[in-house]
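**Q** What follows is a single structure, and I will ask about it in a moment.
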Amino acid sequence: MPPKKKGKAPKKTKEELEEGAPPKKKGKAPKKTKEELEEERRLQEEEEARRRAEEERRLEEERRQREAEEARRREEEAKNRAAELERLATEHDATKLDLEGKAHRLADILRSQKEARDWDKYLACEPHPDAQVEGDMNSFLNSWLLDDSVDLGDVTAACDNALQVVTDLVYVSANATATNDTALTNQCSIFIDKIQRMVHEKIDFATAHILQYADEYTDTNSRSEVKMVSASNWVKLGLWINLLAKGSRNKRVDFTELGISVDLPKAAIMQSLALRFK
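For the sequence shown, the numbering used here gives the first residue as 1, with consecutive numbering after it.
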């Protein structure tokens, strides 16, 4: 068979030709003119100015809000403080009236107690000074200072009386403290110290005298010993003196009135010594 003749290819349309063609090269963008650049710069500056203005408005609004909030807070604090001060003032006035009433009642009670104590002293004929009167206390101390008794019984009685005055001073001082009388409290403290010091001085003075003249106080049963005891409600004194070294055995010294016994070792018995209890 004879070969078939090849037919002609159909012609492509213009659109098909354009689609298959390689892309056309783009041309360079046209250079902006000076006026266009100036316009762009102006628009950018306006945008930046707008943003700055908005930021400033925002910050200003926040500042106003903070100031308003702070003002409200200060106003609220001022109201609360004023209310608290008013409450405290009311409580203070009420407390002051209550304390004044209690102070008056306490003064009445203390006055009644003092009158009762003074009456008891009067009935008991106690020669005690008025513990809250400075002149009475000075007279009492000066009078006792002039008393140079060395009798152990007299000294014990005088010290006992002085310590009872100390008790009165303590009572007066407590009352003065309760009524905020600082001057009287200090006065009582001074007199208490003076009396306590004089008690020790009087006992030491009498003891020194007995030691100095111990041979005049020797026991009738033993010329080598001195034993003296004096006791009262507040003061208890015991004095034992060994004048001569003797014996090698231990010795017991009994102060029955004081409820005290002392065992002395051999080393103590072999020398002169003195014991004092108070």
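Ideal Cβ placement from N, Cα and C applies to all residues, glycine included.
Using a Cβ-Cβ cutoff of less than 7 Å, which residues in the same chain neighbour Leu110 once the five nearest sequence positions on both sides are dropped?
**A** Position 110 of the sequence shown, counted from the start, is the residue given in the question as residue 110. Cβ neighbours of Leu110 beyond the five flanking positions: Asn175.
**Q** Starting from the N-terminal side, write out each stretch of the alpha helix (DSSP H) that is 4 residues or longer and does not extend beyond the stretch 155-197.
**A** none
**Q** Secondary structure at Trp144, three-state DSSP: helix, strand or coil?
**A** The residue given as residue 144 occupies position 144 in the sequence shown. Trp144: helix per DSSP, three-state reduction.
**Q** Looking only at its chain, what residues have a beta carbon closer than 7 Å to the beta carbon of Leu169, apart from the 5 residues adjacent to it on each side?
**A** Taking the sequence shown and counting its residues from 1, one reaches residue 169 at position 169. Ala131, Cys188, Phe191 and Ile192, listed in sequence order.
**Q** Report the three-state DSSP secondary structure of Asp130 (helix, strand or coil).
**A** Mapped onto the sequence shown, residue 130 falls at position 130. Residue state, collapsed to three classes: coil.
**Q** Look up Leu273 in the DSSP assignment and say whether it is helix, strand or coil.
**A** Within the sequence shown, numbered from 1, the residue matching residue 273 stands at position 273. Strand.
**Q** Taking the straight line between their C-alpha atoms, what separation do you get for Ala208 and Gly101?
**A** Against the sequence shown, residue 208 aligns to sequence position 208. Against the sequence shown, residue 101 aligns to sequence position 101. Each residue's alpha carbon lies about 55 Å from the other.
**Q** Could you give the distance in angstroms between the alpha-carbon of Lys278 and the alpha-carbon of Lys236?
**A** For this step, residue 278 is matched to residue 278 along the sequence shown. For this step, residue 236 is matched to residue 236 along the sequence shown. Approximately 5 Å between the Cα atoms of the pair.
**Q** Going by the CB atoms, is the gap between Lys202 and Ala158 shorter than 8 Å?
**A** As a first step, residue 158 is located in the sequence shown; it is residue number 158 there, counting from the start. As a first step, residue 202 is located in the sequence shown; it is residue number 202 there, counting from the start. The answer is yes: Cβ separation under 8 Å.
**Q** Starting from Asn242, follow its DSSP beta bridges and name the residues at the other end.
**A** Walking along the sequence shown from the start, residue 242 turns up at place 242. Asn242 is bridged to Glu225 and Leu273.
**Q** Suppose the cutoff is 8 Å on Cβ atoms and the five residues either side in sequence are ignored; what does the same chain contact list for Ser248 look like?
**A** The residue you call residue 248 lines up with position 248 of the sequence shown. Because Ser248 carries a pLDDT of 42, less than 50, the predicted location of this residue cannot be relied on, and the following value inherits that uncertainty. Here the set comprises Lys266, Ile269 and Met270.
**Q** Using three-state DSSP, classify Ser112 as helix, strand or coil.
**A** Here residue 112 refers to the residue found at position 112 when the sequence shown is read from its first residue. In this structure, Ser112 counts as helix in the three-state DSSP scheme.
**Q** I need the boundaries of the beta strand (DSSP E) containing Asp263, first residue and last residue.
**A** On the sequence shown, residue 263 is found 263 positions in, with the first residue counted as 1. Note, Asp263: beta strand (DSSP E), Ile260 to Leu264.
**Q** Expressed to the nearest angstrom, what Euclidean distance is found between the alpha-carbon atoms of Ala274 and Trp240?
**A** Position 274 of the sequence shown holds residue 274. Position 240 of the sequence shown holds residue 240. Taking the straight line joining both Cα atoms gives about 6 Å.
**Q** Looking at the structure shown, is Val253 part of a helix, part of a strand, or coil, going by DSSP?
**A** On the sequence shown, position 253 is the one that residue 253 refers to. DSSP places Val253 in strand when its eight states are reduced to three.
**Q** Tell me Arg230's beta-bridge partners as DSSP assigns them.
**A** Taking the first residue of the sequence shown as position 1, residue 230 is located at position 230. A small correction: the amino acid at residue 230 is Ser; Arg does not occupy that position in the sequence shown. Its beta-bridge partners are Leu237.
**Q** What three-state label does DSSP hand Val199 in the structure shown?
**A** Taking the sequence shown and counting its residues from 1, the one referred to as residue 199 is at position 199. In this structure, DSSP gives Val199 a helical state, which the three-state scheme calls helix.
**Q** Just to confirm, is the Cβ distance from Leu106 to Thr177 under 8 Å?
**A** Taking the first residue of the sequence shown as position 1, residue 106 is located at position 106. Taking the first residue of the sequence shown as position 1, residue 177 is located at position 177. Their beta carbons are not under 8 Å apart, which means Leu106 does not touch Thr177 by this criterion.
**Q** How should Glu88 be labelled, buried or exposed, when 16 other C-beta atoms within 10 angstroms of its C-beta is the threshold for buried?
**A** Mapped onto the sequence shown, residue 88 falls at position 88. Looking at the sequence provided, one finds Leu at residue 88 rather than Glu. Looking at its Cβ environment, which holds fewer than 16 other Cβ atoms inside 10 Å, Leu88 is exposed.
**Q** Is DSSP giving Asp118 helix, strand or coil here?
**A** Numbered from its first residue, the sequence shown carries residue 118 at position 118. Reduced to three states, the DSSP call for Asp118 is helix.
**Q** Compute the beta-carbon to beta-carbon distance between Leu243 and Ser272, rounded to the nearest angstrom, for a pair I have assumed lies under 8 Å.
**A** What you label residue 243 is simply residue 243 of the sequence shown in a count that begins at 1. What you label residue 272 is simply residue 272 of the sequence shown in a count that begins at 1. The pair is a contact, with the Cβ atoms about 6 Å apart (cut-off 8 Å).
**Q** Looking only at its own chain, which residues have a Cβ that is under 8 Å from the Cβ of Leu141, when we skip the five neighbours before and after it?
**A** Reading the sequence shown from its first residue, position 141 is the one you call residue 141. Phe191, Lys194, Ile195 and Met198, listed in sequence order.
**Q** Tell me the rounded alpha-carbon separation between Gln212 and Asp118.
**A** Here residue 212 refers to the residue found at position 212 when the sequence shown is read from its first residue. Here residue 118 refers to the residue found at position 118 when the sequence shown is read from its first residue. Each residue's Cα considered, the two are about 42 Å apart.
**Q** Between the alpha carbons of Glu75 and Glu61, how many angstroms are there, rounded?
**A** As a working mapping, residue 75 is identified with position 75 in the sequence shown. As a working mapping, residue 61 is identified with position 61 in the sequence shown. In a straight line, the C-alpha of Glu75 is about 21 Å away from that of Glu61.
**Q** Tell me which same chain residues have a C-beta within less than 7 Å of the C-beta of Pro129, skipping the five on either side of it?
**A** Indexing the sequence shown from 1 puts residue 129 at position 129. Contacts found: Asp136, Met137, Ser139, Phe140 and Val165.
**Q** Quick one: Cα of Glu46 to Cα of Glu39, how far?
**A** Here the question's residue 46 lines up with position 46 in the sequence shown. Here the question's residue 39 lines up with position 39 in the sequence shown. Cα to Cα, the separation comes out at about 10 Å.
**Q** Does the ligand HEM have even one heavy atom less than 7 Å from the beta-carbon of Lys202?
**A** By its list of ligands, the structure shown contains no ligand whatsoever, and the ligand HEM lies outside what it can speak to.
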